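> Residue numbers (our numbering): 2 to 142.
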């Protein structure tokens, strides 16, 4: 597997800011669908999902794009639930190198509405390498 390198830092930075703006609009369902398509088509994401809190303390996943070797059950495991809850509470991104059938570098991005983190976007790339500093810097911008 190849090392993750991102060559279009400015484009992704603009996209992430636009995605947060779009998340504040009332037609979330269409927006989530469009964002997942963009992440797959333009950023070569192998895995995309969104998660939001539900009343029982767990998180609900929606608008998933999963590779054939990853089941939804893996993303609903306690380890994923814990990371998603941490991002929802802190408002800070997180990332993990996880084995989900094959190795994936997965980043957990907060989606903010005003001063609150309302959802988390999961973006995964099939890789045995951690996310490159360049890609992490894009997400931190």
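Ideal Cβ placement from N, Cα and C applies to all residues, glycine included.
Note that this is a predicted model, so its numbers are computed, not measured.
#1: Taking all protein chains shown into account, do 16 or more other C-beta atoms lie within 10 angstroms of the C-beta of residue 55, making it buried, or fewer, making it exposed?
#2: How should residue 81 be labelled, buried or exposed, when 16 other C-beta atoms within 10 angstroms of its C-beta is the threshold for buried?
#3: Return the Cβ separation of residue 127 and residue 68 in integer angstroms, given the expectation that the two are a contact with Cβ distance under 8 Å.
#4: For the beta strand (DSSP E) containing residue 146, list its first residue and its last residue.
#5: Span of the alpha helix (DSSP H) holding residue 75?
#6: So, with DSSP's three-state summary, where would you put residue 34?
#7: Cα-Cα, which of 101, 74 and 124 is closest to residue 45?
Quick answer:
#1: Start at 1 with the first residue of the chain shown, and residue 55 comes out as number 54. Exposed, since its Cβ has fewer than 16 Cβ neighbours within 10 Å.
#2: If you number the chain shown from 1, residue 81 lands on position 80. Flag for residue 81 reads buried.
#3: By 1-based counting over the chain shown, the position of residue 127 is 126. By 1-based counting over the chain shown, the position of residue 68 is 67. The pair is a contact, with the Cβ atoms about 7 Å apart (cut-off 8 Å).
#4: Missing from the structure shown is residue 146; the chain here goes from 2 to 142 and no further.
#5: In the chain shown, residue 75 corresponds to position 74, counting from 1. First-last of the alpha helix (DSSP H) with residue 75: 73-76.
#6: Looking up residue 34 in the chain shown gives position 33. If DSSP states are grouped into helix, strand and coil, residue 34 belongs with the helices.
#7: Here the question's residue 45 lines up with position 44 in the chain shown. When each option's Cα is compared against that of residue 45, the closest is 124.
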